[in-house]
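2 protein chains.
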Amino acid sequence: MPTIVVDVMPKAELLDPQGKAVSGTFSRLGIEGFEGVRIGKRFELAVEGEVTEELLAETKRIADEVLSNSVIEDVVGIEVVE
Amino acid sequence: MPTIVVDVMPKAELLDPQGKAVSGTFSRLGIEGFEGVRIGKRFELAVEGEVTEELLAETKRIADEVLSNSVIEDVVGIEVVE
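Protein chains in written order, with my numbering: chain A, 1 to 82; chain B, 101 to 182.
In C-alpha cells:
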C-alpha cells in the first residue's frame, strides 16, 4: 500500500521550545557536535489504491490547510513511499 | 550547515490517537482516498562542522536512547541533508 509522507516543521523564525529542551538535554548529557535541534511532525497517510496526480494535489491542499498551521508551521516535504 | 534528520514513528502495533483524530477529521471534511493516518516526529539536528562516521554513529545512539522511547516508538529514518 503506498504511503504519502508529509513533513511539517515550525517556521525557522519562531522559537521551538521542544527543540530547545532537547538541545538542553544534549548539553546536560555531554553530547557534542550539534548546534541546535528543531522538532516537527511527520504524517504518514496510507493511500487507498493508487497515488494519482489528483490525490497528490489534494494532499498538498490538505497539508497546507489541515495538517499544518501556516501561521507557525511550514510544510517542508510531501513524498510518496511504497 | 549540514542537518541530520531523524524520523520517529509510533510502533505499528500501537494505537495512534493523534492519527486517529486526523483520520476522523478527514471523514468529517469529506476527504477521500486515504485509509489511515499515523503521526510521528521529525527531528532536525543542525550539525557543527562536518558529518563524520563517528557523528552518524552517535546520532544513531541518540535517536534510540534520547529522541525516541523504544517501548512505543521506532526510529524509521536517519538521513543527512545539506
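Idealized CB from N, CA, C, for every residue including glycine.
Scanning A:Gly40, A:Glu54, A:Leu15 for the CA closest to the CA of Gly133 of chain B turns up A:Glu54. Interface residue (Cβ-Cβ distance to chain B less than 8 Å): Arg42 of chain A is classified as such. Judged by DSSP in its simplified three-state form, Ala46 of chain A adopts strand.
Beta-carbon to beta-carbon, Val80 of chain A and Ile31 of chain A are separated by about 34 Å, too far to satisfy the 8 Å threshold. The Cβ-Cβ distance between Arg142 of chain B and Asp107 of chain B falls below 8 Å. Within the segment 116–177 of chain B, the complete beta strand (DSSP E) segments at least 3 residues long are 134–147, listed from N- to C-terminus. Residues of the segment 19–35 of chain A with a C-beta less than 9 Å from any C-beta of chain B: Gly19, Val22, Thr25, Phe26, Leu29, Ile31, Glu32, Gly33, Phe34, Glu35, listed in chain order.
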